[in-house]
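> My questions all concern the structure below.
2 protein chains.
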Amino acid sequence: MFELRELQKLASQVYFRSGKTIFSERELADAVFGLSQGVVRLYKLLPDGRRQVLAFALPGDFLGMPFAERHNFSADAIGEVALCRFSRADLAEFIQSSPNIMRLIIEFAIRELDKAQDQLLLLGNGSAEEKVAIFLVNWRNRLGRLSVFSETVPLPMRRQDIADFLGLKLETVSRTLAKLEQKNVIRIVPKGVFLTGLEQTLLVTGRSYQPQM
Amino acid sequence: MFELRELQKLASQVYFRSGKTIFSERELADAVFGLSQGVVRLYKLLPDGRRQVLAFALPGDFLGMPFAERHNFSADAIGEVALCRFSRADLAEFIQSSPNIMRLIIEFAIRELDKAQDQLLLLGNGSAEEKVAIFLVNWRNRLGRLSVFSETVPLPMRRQDIADFLGLKLETVSRTLAKLEQKNVIRIVPKGVFLTGLEQTLLVTGRSYQPQM
DNA sequence: GCAACTGGTTGACTCAGGTCAAGTCGCATC
DNA sequence: GATGCGACTTGACCTGAGTCAACCAGTTGC
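Residue numbers (numbering that gives the first Met the number 0), protein chains in the order written: chain F, 0 to 212; chain G, 0 to 212.
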């Protein structure tokens, strides 16, 4: 699409080292970002320190919403990260000029909403095993779509991140992975897993939370 | 806003009796609705019958997203319901003509996304008591904003609906309400509750999941 | 009035997942 | 190659919420 080319011109590249915060919840959203390299964790915090990871962003994903006054979640880098930064002012001007872009943004927001709702379904109804299994399959599929298609699926995030994403404790994530390995549907390797027949398990158990993240 | 008046002309009023389904997940979204009277439950189902209630819609809320091909959740009436029905074709045409409306839709979608993310935070990290307490306070606040401001807060939905909304079982909801009554922060009355010092409880316990639903 | 239902409550018991506390493994750094 | 550290695993135990079942209160229909 023509407009997207134009949009590129507005971007400036920025880089973040592992663990650095890109932006924080409630902060004024003076820019939004397109992720070009690496993985980003999006999350909300409670005053007492409890955390909910909302999503893991991959290259191609957007961080932050145009038209949102303030960020409503925090984002930080998992490993080294490269981003395209769009200043809010530039972006607003650009968007106003193009109904096509408007429409893309709406469709993007709808997709995000749908993903959040699928996640609600999973958090509200899933057992630990279902949660972990579905997380792994979805993650693999997303990486697959980016053709980061290695046999062994990398898991750059920490166990704690997965736990906070799934509403579990890190010990439970660890134990559940061990259980899945026992069942011979995965193999745990350093910094990743190797999936063998996990989706079959999901089908058999009768769940299908719409494999997409 | 001028455009909103115009929009009214496109609407046709429709009515649903208690329990009736307005639309179902995956169904072609040939129309979207504005809720004018009553309460609607929005939910997703799993093949094995488990259900996640995503939200309870109140008058003024929109059901269904313009630009979404298909509904990505189901909706049915809790009690008698009156809706403004907008056909997809009419609406699309109307929207294209007005960037103002586009912008409103984007902002609406962003708000919905934010609400869904707050709900993720609650489902992932809350105890049964927190979930129920926060649900009651949020519900009261929403009704308050509609100036349906009675001292006793009506709860037109069933315990099962609340349970499916909060990722609990109906017995747990029932017990938790009983416990809150014991603590003298609510009083249970037929088809509703009476809140007395519940928000204080929330502040004391240190949680503030952004009181809004 | 009484039967049949539906929605809600309550009790007794179970168990998945949380908690706490040792370990282990990998990997920097000196 | 010792040492320290952060990420992860594993075990023993505990508990909050789920399960199963009985019971109660309104409502509807005959």
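Built from N, CA and C at the ideal position, the CB exists for glycine as well.
Buried or exposed: residue 18(F), going by 16 or more other Cβ atoms within 10 Å of its Cβ?
exposed
> So, do the segment 102-112 of chain G and the segment 89-109 of chain F have three or more beta carbon pairs nearer to each other than 8 Å?
yes
> Determine, using beta-carbon pairs with one atom in the segment 46-53 of chain F and one in the segment 83-93 of chain F, whether at least three such pairs fall under 8 Å.
no
> Within 10 angstroms of its Cβ, does residue 129(G) collect 16 or more other Cβ (buried), or is it exposed?
Under this definition residue 129(G) is a buried residue.
> Which residues in chain G sit within 7 Å of residue 111(F), going by Cβ to Cβ distance?
112
> Counting Cβ pairs closer than 8 Å, one from the segment 185-198 of chain F and one from the segment 149-157 of chain F, do we hit at least three?
Look at the beta carbons and you see the segment 185-198 of chain F touching the segment 149-157 of chain F: at least three pairs across the two are nearer than 8 Å.
> For residue 40(G) versus residue 55(G), is the C-beta spacing smaller than 9 Å?
yes
> How is residue 4(F) classed by DSSP in three states: helix, strand or coil?
In the three-state reduction of the DSSP assignment, residue 4(F) falls in the helix class, which pools H, G and I.
> With the cut-off set at 9 Å, would you say residue 158(G) and residue 57(G) are in Cβ contact?
no
> Is the number of C-beta pairs between the segment 91-104 of chain F and the segment 18-36 of chain F that are closer than 8 Å three or more?
no
> Would you please verify whether the beta carbon of residue 72(G) is less than 9 Å from any beta carbon of chain F?
yes
> Since residue 45(F) contacts residue 120(G) with CB under 8 Å, what's their CB separation in whole angstroms?
7 Å
> What first and last residue would you give for the beta strand (DSSP E) that runs through residue 43(G)?
30-44
> For residue 184(F) and residue 195(F), I'd like the C-alpha separation in whole angstroms.
5 Å
> For chain F, check one thing: does any of its Cβ atoms lie closer than 9 Å to the Cβ of residue 127(G)?
no
> Would you decide whether residue 16(G) is buried or exposed? Buried here means 16 or more other CB atoms lie within 10 Å of its CB.
Under this definition residue 16(G) is an exposed residue.
> Could you check what DSSP says for residue 210(G) in three-state terms: helix, strand or coil?
Annotation note: pLDDT 48 at residue 210(G) (below 50); position unreliable, coordinate value reported separately. Residue state, collapsed to three classes: coil.
> Please list, in chain order, the chain F residues whose beta carbon lies closer than 7 Å to that of residue 67(G).
109
> Assign residue 14(F) to one of two classes, buried (16 or more other C-beta atoms within 10 Å of its C-beta) or exposed (fewer than that).
The C-beta of residue 14(F) has fewer than 16 other C-beta atoms within 10 Å across all chains shown, which makes the residue exposed.
> Under a CB-based cut-off of 9 Å, is residue 102(F) close to chain G?
yes
> To the nearest angstrom, how far is the alpha carbon of residue 171(G) from that of residue 149(F)?
Using only the alpha carbons, I get a separation of about 44 Å.
> Using DSSP with H/G/I as helix, E/B as strand and the rest coil, what is residue 86(F)?
strand
> So, is the C-beta of residue 98(F) closer than 9 Å to a C-beta in chain G?
Any Cβ of chain G closer than 9 Å to the Cβ of residue 98(F) would place that residue at the interface, and such an atom is present.
> Closest to residue 76(F) by C-alpha separation, out of 34(F), 4(F) and 116(F), would be which residue?
34(F)
> Just checking my contact of residue 101(F) with residue 98(G) at CB under 8 Å: how many whole Å lie between their CB atoms?
7 Å
> Report the partner residues of residue 11(F) according to the DSSP bridge assignment.
84(F)
> Using 9 Å as the limit for Cβ to Cβ distance, is residue 106(F) near chain G?
yes
> Would you decide whether residue 143(F) is buried or exposed? Buried here means 16 or more other CB atoms lie within 10 Å of its CB.
exposed
> For residue 9(G) versus residue 166(F), is the C-beta spacing smaller than 9 Å?
Cβ distance not < 9 Å, so residue 9(G) and residue 166(F) don't count as in contact.
> Closer than 9 Å, CB to CB, is residue 137(F) near chain G or not?
Not one chain G Cβ lies under 9 Å of residue 137(F).
> With residue 179(F) and residue 115(F) assumed to form a contact (beta carbons below 8 Å), what rounded beta-carbon distance in angstroms separates them?
About 26 Å separates the two Cβ atoms, so there is no contact after all.
> Please state the DSSP three-state secondary structure of residue 143(G).
Here residue 143(G) sits in helix by DSSP.
> On the DSSP bridge assignment, give the partners of residue 73(F) in chain order.
42(F)
> How close, in whole Å, do the beta carbons of residue 62(G) and residue 74(G) come, if the pair is a contact with beta carbons under 8 Å?
5 Å
> Short of 6 Å in beta carbon distance, which residues of its chain neighbour residue 29(G), apart from the five on each side in sequence? Order them along the chain.
87
> Consult DSSP for residue 67(G) and reduce its assignment to one of helix, strand or coil.
coil
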